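Heads up, the sequence shown is in this note's numbering, so the first residue is 54 and it goes up one at a time. Beta carbons: idealized from backbone N, C-alpha and C, even for Gly. No experiment lies behind these values; they were computed from the predicted model shown.
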Amino acid sequence: MLAGYRQPVLSEESNPERSMIFLPLDVKGEESISHGKSPGIPFSTYSSLSTNEKKALLLASDCGRVTSMSLADALGVSRMTASRTLRKLANKQILAWRGSSKTDPNQYYEIPQQ
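Following this line, the structure appears as structure tokens:
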């Protein structure tokens, strides 16, 4: 523990080259991770996410929203795989789906405001 805080979590990506540090914070006795202006999520929840889910969360945090196409491009996966990843995060209530219908071409996911 450093100065009352938990151990930072380092995440590195190779394409594009970037390193990120997530700072676990204590929230009502539960450790959570916060990134930028986004609300924190429990560390146990974050650590259980897949690599693709973590990257989707980071993309949503950096850009304000994420679509299946933008995630597919960022991960180098199919749009179906990206859609499945985003739906999993929405089912876990980590991301919120926005759109008028499931066939809406303007649908996207964002970090819900708490």
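- Rounded to the nearest angstrom, the gap between the Cα atoms of S121 and R140 is 10 Å.
- Residue state for S101 is assigned as coil, using DSSP reduced to three classes.
- Listed in chain order, the non-local C-beta contacts of S136 below 6 Å within the same chain comprise S121, local neighbours out to five positions each way being set aside.
- Non-local C-beta neighbours of R132 in its own chain, meaning closer than 8 Å and more than five positions away in sequence, comprise S121, M122, A125, ordered along the chain.
- Shown here, S67 sits in a strand according to DSSP, grouped into three states.
- Looking at L128, D157, T156, S101, the one whose alpha-carbon comes closest to that of L142 is S101.
- The Cβ-Cβ distance between A127 and L112 falls below 9 Å.
- In the three-state reduction of the DSSP assignment, S131 falls in the coil class, being assigned neither a helical nor a strand state.
- For G117, the CB contacts under 7 Å within the same chain, skipping 5 residues up- and downstream, are E163 in chain order.
- For R151, the enclosing beta strand (DSSP E) has its first and last residue at 149-151.
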